[in-house]
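Using full-length UniProt numbering, read the sequence shown as starting at 1 and increasing by one per residue. Note that CB positions come from ideal geometry on N, CA and C, so glycine has one too. First comes the structure, then the notes that go with it.
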Amino acid sequence: MVVKSDTVTNGAAAMDHSGGENMAAWVCGMNDLKVQPFTLPPVLGDHQVKVGIKAVGICGSDVHYYKHLRCGDFVVKEPMVIGHECAGIIEEVGKAVKNVAVGDRVALEPGIACNKCKLCKQGFYNLCPDMEFFATPPVNGSLANHVCLFPPVSHVLTYQWLESRCVGMEEVPDLTMKEARKSYAKVMQNLPVSYHLNLAVFVTAVK
1 MVVKSDTVTN GAAAMDHSGG ENMAAWVCGM NDLKVQPFTL PPVLGDHQVK VGIKAVGICG
61 SDVHYYKHLR CGDFVVKEPM VIGHECAGII EEVGKAVKNV AVGDRVALEP GIACNKCKLC
121 KQGFYNLCPD MEFFATPPVN GSLANHVCLF PPVSHVLTYQ WLESRCVGME EVPDLTMKEA
181 RKSYAKVMQN LPVSYHLNLA VFVTAVK
């Protein structure tokens, strides 16, 4: 499969502000990852933000798409940009965006809500029945120089570890101390969640 440099994405998109070609990491086939150009729509929408990506984690789903071109029922049928665990700096905001400002350091939400349904309008965008996700076919991901997306887009990085802590604290009560000590030894490489699970186990042991 071939990725054209004039591709306009329907999810996240890369953009090089120096005027050069926009670059992103594309899964182009089984075990075939290429860094290739793709373009961002030239005009930022009133409700969109542009983020300069500074870090992107590699999720298990990214590995599945890279190795098998599928993850569960989702199948890569054409080249797709991977990556959805990302953080960066707000570079530009649309006229109607109020929750973030240029210069904010943020962690991006991988979910793309419709922002039109009843649940979205009530603020429960996480329950949107039409939710799509970065790096989930056919939507492109965020392993790119820059991304452009619709809010709700991000959280200031002060809260970047909150989810991991919650996961760790939720797991520990279900473990006996014997099991907890085993888990403490086993999860060392599964950062960042494992860090907080380790911390929770340690605190539980102290108590």
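Query: Residue environment, A14, which counts as buried when at least 16 other CB atoms sit within 10 Å; Result: Model confidence at A14 stands at a pLDDT of 40, short of 50, so the residue's coordinates are unreliable and nothing is read from them.
Query: Element boundaries [alpha helix (DSSP H), containing H146]; Result: No alpha helix (DSSP H) holds H146; the beta strand (DSSP E) holding it covers H146 to L149.
Query: H146 to I89 span [Cα, whole Å]; Result: 9 Å
Query: Helix, strand or coil at G83 according to DSSP, with G and I counted as helix; Result: coil
Query: Buried/exposed call for E109, threshold 16 Cβ in 10 Å; Result: buried
Query: Contact check, residue 250 vs C128, beta carbons under 7 Å; Result: Missing from the structure shown is residue 250; the chain here goes from 1 to 207 and no further.
Query: The stretch 72 to 79 touching the stretch 42 to 60, judged by at least three CB pairs closer than 8 Å; Result: no
Query: Straight-line gap, V51 to E92 (C-alpha atoms, nearest Å); Result: 7 Å
Query: Element boundaries [alpha helix (DSSP H), containing V97]; Result: Here V97 belongs to no alpha helix (DSSP H), and DSSP marks it neither H nor E.
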